[in-house]
Amino acid sequence: MKLYVYEHCPFCIRARMIFGLKKVPFELGRDYGGRCRNANPYGG
91 MKLYVYEHCP FCIRARMIFG LKKVPFELGR DYGGRCRNAN PYGG
């Protein structure tokens with residue numbers, strides 16, 4: 091399983107923590123492909 095995370099998102103940190111506590115094997119993905127920038131119409 092591949093888990094895409096954004097380092098500053100508390101919900102991503104929570105998901106990553108649960109995967110670690112339950113010892114679920116996963117691959118960490120940080121390639122956003124510009125999707126995060128496009129989600130905010132103000133460009134922030």
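For the sequence shown, the working numbering gives the first residue as 91, with consecutive numbering after it.
Heads up, the beta-carbon is just placed ideally off N, CA and C, and yes, glycines get one too.
Do residue j and residue i come within 8 Å of each other at the CB atom, strictly closer than that value?
i          : j           : result
residue 95 : residue 118 : yes
residue 93 : residue 104 : no
Could you please give the first and the last residue of the uninterrupted alpha helix (DSSP H) stretch that includes residue i?
i           : result
residue 104 : 100-111
Which residue or residues does DSSP assign as beta-bridge partners of residue i?
i          : result
residue 94 : 119
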